[in-house]
Amino acid sequence: GPSDPATPMPPMPATPPDDLDSGGGVADPGREKPAPPAASASGVARRVELAAAAVAGRGSSSSSSSSASYSDNHESRQGFDGQQSWRREQEEGGGGGWAGGGDSGVPEDLSAGRAAGGGATGVVAEGEGGKLRDGRNRCFVGAEGDHRCYPTVFFFGTSKCGTTSLARWLDHHPATHWVANPRRPHQIEETGVKEAHVFDDPPKGDPAFEEGMHHEKLFITTPKSGAEDVVIDYTPHYIAVAETPHRIADIYGGRESGLKFIVTLREPAGRAISSWEFKNEYNPKKGRREESRSLAKTIEDGGRRAMKLHACLALAKSKAVSPRDRDLKLCNPRKFLEVPLYVSHVGKSMYALQLERWFDLFGRENFKVVFTDDMAVDPVGVLEDVLHFLGLELTSEDESKGLPDMKGWKKITGMAYNKTKSKKKDELGDQVTDEVKEGLRKFFEPHNEALEEILGQPLPEAWGS
Ligand SMILES: Nc1ncnc2c1ncn2[C@@H]1O[C@H](COP(=O)(O)OS(=O)(=O)O)[C@@H](OP(=O)(O)O)[C@H]1O
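Numbering (this note's numbering), first residue to last: 34 to 498.
See below:
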């Protein structure tokens, strides 16, 4: 992995400050995507009420700061800057938002254009971009006449596996569009990558985000896009949350839904250490480090917990427990691993346990697995592979279908993000001994074997001990 000095890494000219999160929606100022199609008269069925547009117009001003440490940090639910103003607006009934009138604001039937909820109006595109599980169209036309499509691609790390780099590389392709974060509705109008967090955990006690409101969240966070575009929900943490694949399947259906998934994976010991380093940071809002355990303690705790989860999953298999009961009840990681799951450094590196849920629901064939190792060695090749998986090309003469030349891509993929600073590595280096690293790698050996089996492809050689 990239922490291994023997592995060549591309130059990292664009390393952002540590606190620049991958969810900040940092748009590349030099890059403009071609405008998505406006609603054409022929593509328009009828006007419907779209409360979402009202929400989009009243984003919280406090949440646009790029220095907000946001990435990988939501389970804490404390001190989230956008949340308070959001809730206040909900309580005040501000502007007939999607929660207005006791209705979610999502039209009951997008394709039929039936009115629902509060004040704004919009138009529905008929029959483009496929259907959701309940028969609604995946694409619709917003209040301002712009065309929007729900995502059909989910890109979830694991975090610390180079997800930010790959997402930002992909963002340079003109056909990619990114789902915004429902707690930061202003992001809908921004271009650029942001972590969506539509299908993971609702903040506790906020009625606007209670369980079961994922459809509504998706509806308000869907970016301007055409049916031919690739709309991506990028949320590295999804892999860890057992509820997430079930929530997605409830809306889209399973294997037959046509959804695609991108998953980046890194040698698990290296990932666990990077995750521990990342969280070993003083959080001024909390007045403490998010992760205060020593690395050794993390490994001991995490290993013990992870093995219990492993045993539960084996039991569920032997008793033929349904995937839903297994994931949501019997073997929910929250019962076994560290909560918040963001500090489950060992548990989140047990990729097979997590991917099994996704493969069961959506089919292995719909997943593109990217090894971080390959991103370091052949970034253009990795990106091309991912783009092909999405039905896209690196280059095209048509500016809506690719970049004009390879030179652009070489430069773009030479950028690597979220590298742990050497100052921090030095500070924590005493704990990251060869012995600890070797111990961790040994621990993960059987899990890597399980991973190789469910992936049906060999793991990078560098993962071996
Ligand atoms: N191109 C490329 N090739 C190989 N490795 C890379 C690349 N880009 C980023 N990185 C390394 O990935 C780590 C950050 O991963 P993420 O962006 O997923 O982190 S985060 O979860 O979004 O915070 C982080 O690892 P550590 O430095 O070990 O912490 C980065 O150095």
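We put the CB at the ideal spot given by N, CA and C, even for glycine.
* Please name the residue, chosen from LEU328, GLY287, GLU228, that lies closest to ASN214 on a Cα-to-Cα basis. => Mapped onto the sequence shown, residue 214 falls at position 181. Of the candidates LEU328, GLY287, GLU228, the one whose C-alpha sits nearest the C-alpha of ASN214 is GLU228.
* **Residue span of the alpha helix (DSSP H) that contains TRP202, given as start and end** => One-based indexing of the sequence shown puts residue 202 at position 169. Unbroken alpha helix (DSSP H) run through TRP202: 196-204.
* Asked: Of all the alpha helix (DSSP H) runs that stay within the bounds of the region 239-301, which reach a length of 4 or more residues?
  -> If we require 4 residues or more, the alpha helix (DSSP H) runs fully inside the region 239-301 come out as 247-254, 276-285.
* Return the residue from the list GLU323, ASP266, LEU203, ARG181 that minimises the CA-CA distance to PRO256. => The residue you call residue 256 lines up with position 223 of the sequence shown. Of GLU323, ASP266, LEU203, ARG181, the residue nearest in Cα terms is ARG181.
* **Cβ distance (whole Å) where ASP204 is taken to contact VAL226 below 8 Å** => Translated into positions along the sequence shown, residue 204 becomes position 171. Translated into positions along the sequence shown, residue 226 becomes position 193. Sure, about 5 Å apart at Cβ, within 8 Å.
* Report the partner residues of TYR450 according to the DSSP bridge assignment. => Within the sequence shown, residue 450 is the residue found at index 417, counting from 1. Looking at the DSSP assignment, TYR450 forms no beta bridge with any residue, so it has no partner.
* **Which listed residue (HIS247, ILE445, PHE476, SER429) has its alpha carbon closest to that of ASP411** => Reading the sequence shown from its first residue, position 378 is the one you call residue 411. Selected option, being the one with the closest Cα: ILE445.
* Locate the beta strand (DSSP E) running through PRO496, then write down its first and last residues. => Residue numbering aside, residue 496 sits at position 463 when the sequence shown is read from its first letter. The residue asked about is misnamed: residue 496 is Trp in this sequence, not Pro. Run containing TRP496: none; DSSP gives neither H nor E here.
* Asked: Does at least one heavy atom of ligand 3 sit under 8 Å from the Cβ of GLY462?
  -> Inclusion of ligand 3 in the displayed structure is not the case, the ligand content consisting of ligand 1 alone.
* Asked: Grouping DSSP H, G and I as helix and E and B as strand, with all else coil, what is ASP54?
  -> One-based indexing of the sequence shown puts residue 54 at position 21. Unreliable positioning characterises ASP54 in this predicted model, as indicated by a pLDDT of 32, which lies under 50. The coordinate reading is nonetheless provided below. Three-state result, ASP54: coil.
* To do: Please confirm whether any heavy atom of ligand 1 lies closer than 8 Å to the CB of ARG166.
  => As a first step, residue 166 is located in the sequence shown; it is residue number 133 there, counting from the start. No, the beta carbon of ARG166 sits no closer than 8 Å to any heavy atom of ligand 1.
* Asked: For GLU310, is the beta carbon positioned less than 8 Å from some heavy atom of ligand 1?
  -> On the sequence shown, residue 310 is found 277 positions in, with the first residue counted as 1. Yes, the Cβ of GLU310 comes within 8 Å of a heavy atom of ligand 1.
* Continuous beta strand (DSSP E) assignments of at least 3 residues falling wholly in the region 342-424 -> 400-404
* **Paired residues, beta bridge with THR331 - DSSP** => As a working mapping, residue 331 is identified with position 298 in the sequence shown. Paired residue(s): none; THR331 is not in a bridge.
* Could you please give the first and the last residue of the uninterrupted alpha helix (DSSP H) stretch that includes VAL469? => Here residue 469 corresponds to residue number 436 of the sequence shown, with the count starting at 1. First-last of the alpha helix (DSSP H) with VAL469: 467-488.
* **Assigned exposure category for LYS440 - 16 Cβ within 10 Å defines buried** => Sequence index remark: in the sequence shown, residue 440 carries index 407 (1-based). By the 10 Å Cβ count, LYS440 comes out exposed.
* Can you find at least 3 beta carbon pairs, one from the region 266-279 and one from the region 388-405, that sit closer than 8 Å? -> yes
* To do: Could you tell me whether the region 364-372 touches the region 243-257, where touching means 3 or more Cβ pairs closer than 8 Å?
  => no
* Distance between beta carbons of GLY335 and GLY286, contact taken as under 8 Å -> Sequence index remark: in the sequence shown, residue 286 carries index 253 (1-based). Sequence index remark: in the sequence shown, residue 335 carries index 302 (1-based). With 8 Å as the limit, GLY286 and GLY335 do not qualify as a contact, their Cβ atoms being about 35 Å apart.
* To do: Pull up the CB-CB distance for ALA329 and GLN464, whole angstroms please, since I reckon it's below 8 Å.
  => Looking up residue 329 in the sequence shown gives position 296. Looking up residue 464 in the sequence shown gives position 431. Their Cβ separation, rounded to whole angstroms, is 7 Å, which keeps ALA329 and GLN464 in contact under 8 Å.
* Quick one: grab the DSSP three-state call for ASP459. => Sequence index remark: in the sequence shown, residue 459 carries index 426 (1-based). Note: ASP459 maps to helix in three-state DSSP.
* Residues near VAL376 in its chain [Cβ-Cβ closer than 7 Å; skip 5 each side] -> Residue mapping note: residue 376 aligns to position 343 of the sequence shown, counting from 1. These residues qualify, in order along the chain: LYS312, GLU323, GLU324.
* **Residue range of the beta strand (DSSP E) that includes VAL174** => As a working note, residue 174 is residue 141 in the sequence shown. 172-174 is the extent of the beta strand (DSSP E) around VAL174.
* Who are the Cβ neighbours of VAL186 in its own chain at under 8 Å, not counting the five residues just before and after it? -> Position 153 of the sequence shown, counted from the start, is the residue given in the question as residue 186. Answer for VAL186: VAL263, VAL264, ILE265, ASP266, LEU292, LYS293, PHE294, ILE295, LEU423, listed in chain order.
* Give a single yes or no on whether SER192 has its beta carbon closer than 8 Å to a heavy atom of ligand 1. => As a first step, residue 192 is located in the sequence shown; it is residue number 159 there, counting from the start. SER192 Cβ: within cutoff of ligand 1.
* GLY303 burial status per 10 Å Cβ neighbour count (16 or more: buried) -> If you number the sequence shown from 1, residue 303 lands on position 270. Buried, by the Cβ-count rule.
* Output yes or no for whether 9 Å exceeds the beta carbon distance between PRO301 and LEU473. => Residue numbering aside, residue 301 sits at position 268 when the sequence shown is read from its first letter. Residue numbering aside, residue 473 sits at position 440 when the sequence shown is read from its first letter. Closer than 9 Å, so yes.
* Do the CB positions of LEU394 and ILE281 come within less than 9 Å of each other? -> The residue you call residue 394 lines up with position 361 of the sequence shown. The residue you call residue 281 lines up with position 248 of the sequence shown. It is a contact, given that the beta carbons lie within the stated cut-off.
* Is the beta carbon of ALA449 sitting closer than 9 Å to the one on GLY195? -> Mapped onto the sequence shown, residue 449 falls at position 416. Mapped onto the sequence shown, residue 195 falls at position 162. It is a contact, given that the beta carbons lie within the stated cut-off.
* Asked: Would you say PRO437 touches ligand 1, meaning its beta carbon is less than 8 Å from a heavy atom?
  -> By one-based count along the sequence shown, residue 437 stands at place 404. No.
* Taking only the alpha-carbon atoms, compute the straight-line gap between ASP418 and GLY320 and give it to the nearest angstrom. => As a working note, residue 418 is residue 385 in the sequence shown. As a working note, residue 320 is residue 287 in the sequence shown. Cα to Cα, the separation comes out at about 43 Å.
* To do: Using 8 Å as the cut-off, classify the Cβ of ARG299 as near or not near the heavy atoms of ligand 1, replying yes or no.
  => In the sequence shown, counting from the first residue as 1, residue 299 sits at position 266. Answer for ARG299: yes, Cβ within range of ligand 1.
* Asked: Where do the ends of the beta strand (DSSP E) carrying HIS180 lie?
  -> By 1-based counting over the sequence shown, the position of residue 180 is 147. Note, HIS180: beta strand (DSSP E), 180-182.
* If I'm right that VAL525 touches MET408 with Cβ under 8 Å, what's the distance once you round it to whole angstroms? => As displayed, the chain neither begins before 34 nor continues past 498, which places residue 525 out of reach and without an answer.
* Tell me whether LYS434 sits in a helix, a strand or coil according to DSSP, three-state version. => Taking the sequence shown and counting its residues from 1, one reaches residue 434 at position 401. Of the three classes helix, strand and coil, the one that applies to LYS434 here is coil, per DSSP.
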